[in-house]
Amino acid sequence: MKSLYKKKLIPYILIVIFVVFSTFSLWLPFLANLKEFWGIKLPQGGFEVIEANWDGPLYIISTKTSYNPNNEIFIDPPLGLSAQYYAAHLPLYPLTIKIVANVMSYPKAMLISTLLASALLFCLFYFFIKKHSLTGHPLLLTTLLMFWPRLLIVRSIGSPEPLFLLLVLVSVFLFIEKRFFLASLFGALSVVTKTPGVILFPACGLYFIYDYFKTKKISLSSLWIILIPLSLLGVFQFYNIQLKDFFAYYHTGAVVPITRLFAMFNQNAKWVGTAWLEDIVFIFLLLLSAALVAITNKQKEISPKLMIIGFFMITFLFSLGFVEHRDISRYSLPIVPFAFISLEKFFTDKRFLVACCLVLPAIYLYAINFIASNAAPITNWLPFM
Numbered sequence: 000m001k002s003l004y005k006k007k008l009i010p011y012i013l014i015v016i017f018v019v020f021s022t023f024s025l026w027l028p029f030l031a032n033l034k035e036f037w038g039i040k041l042p043q044g045g046f047e048v049i050e051a052n053w054d055g056p057l058y059i060i061s062t063k064t065s066y067n068p069n070n071e072i073f074i075d076p077p078l079g080l081s082a083q084y085y086a087a088h089l090p091l092y093p094l095t096i097k098i099v100a101n102v103m104s105y106p107k108a109m110l111i112s113t114l115l116a117s118a119l120l121f122c123l124f125y126f127f128i129k130k131h132s133l134t135g136h137p138l139l140l141t142t143l144l145m146f147w148p149r150l151l152i153v154r155s156i157g158s159p160e161p162l163f164l165l166l167v168l169v170s171v172f173l174f175i176e177k178r179f180f181l182a183s184l185f186g187a188l189s190v191v192t193k194t195p196g197v198i199l200f201p202a203c204g205l206y207f208i209y210d211y212f213k214t215k216k217i218s219l220s221s222l223w224i225i226l227i228p229l230s231l232l233g234v235f236q237f238y239n240i241q242l243k244d245f246f247a248y249y250h251t252g253a254v255v256p257i258t259r260l261f262a263m264f265n266q267n268a269k270w271v272g273t274a275w276l277e278d279i280v281f282i283f284l285l286l287l288s289a290a291l292v293a294i295t296n297k298q299k300e301i302s303p304k305l306m307i308i309g310f311f312m313i314t315f316l317f318s319l320g321f322v323e324h325r326d327i328s329r330y331s332l333p334i335v336p337f338a339f340i341s342l343e344k345f346f347t348d349k350r351f352l353v354a355c356c357l358v359l360p361a362i363y364l365y366a367i368n369f370i371a372s373n374a375a376p377i378t379n380w381l382p383f384m
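FYI, numbering that gives the first Met the number 0 numbers position 274 of the sequence shown as 273, with every residue one higher than the one before it.
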C-alpha cells in the first residue's frame, strides 16, 4: 500500500522538479550576470533584471501599500506612478506575495509566489486530465504545456498569470464535475486575480442554456455562478474604500480598450504600435481549431467534458477578439491548457515531440531575449524591498 502511494506521488514530484529546473535554467544567464548570451546582449544587474520585469514591481507596490494612497511610498512614487494606477493590478496575487514576504524580501517573495502557483498549476493539470481520462499521456502533456513559450516567461518572472490560470483550470474542472458552488468560488477568486476571469460567468451560462434545451432540466445549484460577477463588484468596493473611487480600475489609464472585433490589427493603437502581427493570426487559428475540436468531439466517454471546455474556449476567444493589444500571446494563456487537452493526440504524437526537442533551444532564446528587454527602469530599489 505504501509503495503504491509513493508510485502515485512520483509524477507530482517529477512535475515540481521540471518546473523548478526549467525556471532556474532560464534565470541562469541573469544569475551569472552575463553580458551576452548567444548574441543576445543582457542588461547588467544580475538577478535584479528578473525581479524588475514588468509587471512584477507594480504588484510589489500593490502588496506593500494595500492600495492606500496615503502610504509613505507614494510621497515619492516609484516609477512615477500614482496610487490610483495600481488599481489595474488586482489584489489576490499581492496577497500571496504578502504571505510569502513574511520570510523573505518582497522581490524574492514575488518570484517564489509565482513559482509555487506554477508548480500547483501543472500538478492540478496532470491530476484533472488523468482523473477524467482526457489523454493517454498525462505526464507528457503536462511537461509539454510547461514550455509553451509565453507561459514559460510569465511563470519565471513576477506575474499573476500562473495563479490566474490555476484558478480558472480548477473552476472549469469543478464545473465539469457539477460541483457548482466550488466551481463558482474558484471562478470568483480568478476574478480577484485578473478581470478576464469574469468570462467564466457567460461561458457557464451559455452551457446551462445549451444543457436546458437538451435535457429540459435546470439545477438550482447552477445559480451559484452569480458569485463570479459579484466578486468583481467586491474588488470595486475594496477600491472604493481604499482609493475613494468605486471605478478606480477604469480610471487607471492602463485598462486595455475593448473596441471592435480583431481590434489588435491596428498599428496606431496605443497598446499595439507595430504592423508585425502575423503571429496573432496563428494564435487565433490554433486556439479556435482546438475549441472546435473540443465541441465536435464524438467520443462518448469524454464528449460532455470537452463540450464544457469548448464552451469556455469559444466564449474566451470571442472576448479576446476585441482586445486592442499586441500581447495576445499573454492574454490567450487561460485557453492554452484546454487547447492542449483538445489537441492532445497532436501534441503527444512522436513527430511533434521530435519537433519540440529541436525547437526547445529557440523557445529558451525567445524567453531570454524577452526578459532581457522587459525590465522596468528601477534606479532605487528601496521602495520595493
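We treat Cβ as the ideally placed atom computed from N, Cα and C, and that holds for glycine.
Report yes if the CB atom of residue i is closer than 7 Å to the CB atom of residue j, and no otherwise.
i: L144; j: S170; result: no
i: H136; j: T347; result: yes
i: H88; j: L57; result: yes
i: A366; j: A51; result: no
i: W147; j: S183; result: no
i: K304; j: I175; result: yes
i: F396; j: V15; result: Nothing in the structure corresponds to residue 396, since the chain is present only between 0 and 384.
i: L120; j: P90; result: no
i: A187; j: F311; result: no
i: N195; j: Y92; result: It is Pro, not Asn, that sits at residue 195 in the sequence shown. No.
i: P333; j: V167; result: yes
i: L138; j: P256; result: no
i: F264; j: L276; result: yes
i: A86; j: T258; result: no
i: A116; j: L165; result: yes
i: Y206; j: I307; result: yes
i: R325; j: R149; result: no
i: A247; j: Q83; result: yes
i: Q241; j: N67; result: yes
i: F127; j: F172; result: yes
i: F321; j: I152; result: no
i: S221; j: F180; result: no
i: K193; j: F163; result: yes
Going by DSSP, which residues form a beta bridge with residue i?
i: V322; result: I257
i: K442; result: Past the boundaries of the shown model lies residue 442; the chain is included only from 0 to 384, so the question cannot be answered.
i: N52; result: A374
Contact defined as beta carbons within less than 8 Å: I believe residue i pairs with residue j. What is the distance between those atoms, to the nearest angstrom?
i: S112; j: T95; result: 4 Å
i: G309; j: I294; result: 4 Å
i: V234; j: V191; result: 6 Å
i: G157; j: M109; result: 4 Å
i: F17; j: T142; result: 6 Å
i: A371; j: P42; result: 6 Å
i: S155; j: T64; result: About 25 Å; that fails the 8 Å criterion.
i: L364; j: I74; result: With 8 Å as the limit, L364 and I74 do not qualify as a contact, their Cβ atoms being about 42 Å apart.
i: L342; j: S331; result: That pair is no contact at about 14 Å.
Could you check where the alpha helix (DSSP H) with residue i kicks off and where it finishes?
i: T134; result: Element bounds for T134: n/a, residue is neither H nor E.
i: F339; result: V335 to S341
i: L386; result: Lying outside 0 to 384, the shown extent of the chain, residue 386 is not represented and no answer is given.
i: K213; result: L199 to T214
i: G252; result: Run containing G252: none; DSSP gives neither H nor E here.
i: S170; result: E160 to I175
i: A289; result: E277 to T295
i: V102; result: Taken as a continuous stretch (DSSP letters only), V102 belongs to no alpha helix (DSSP H), as it is neither H nor E.
i: L381; result: Neither: L381 is in no alpha helix (DSSP H) and is coded neither H nor E.
i: T192; result: F179 to T192
i: N332; result: The question names Asn, yet the displayed sequence has Leu at residue 332. Taken as a continuous stretch (DSSP letters only), L332 belongs to no alpha helix (DSSP H), as it is neither H nor E.
i: R149; result: P148 to V153
Kindly say whether residue i, judged by its beta-carbon, lies nearer than 7 Å to any beta-carbon of chain D.
i: L205; result: Going by chain labels, chain D is absent from the structure shown, which holds only one protein chain.
So, do the region 280-290 and the region 336-351 have three or more beta carbon pairs nearer to each other than 8 Å?
yes
Using a Cβ distance threshold of 8 Å, determine whether the region 214-231 contacts the region 59-69, with at least three qualifying pairs required.
no
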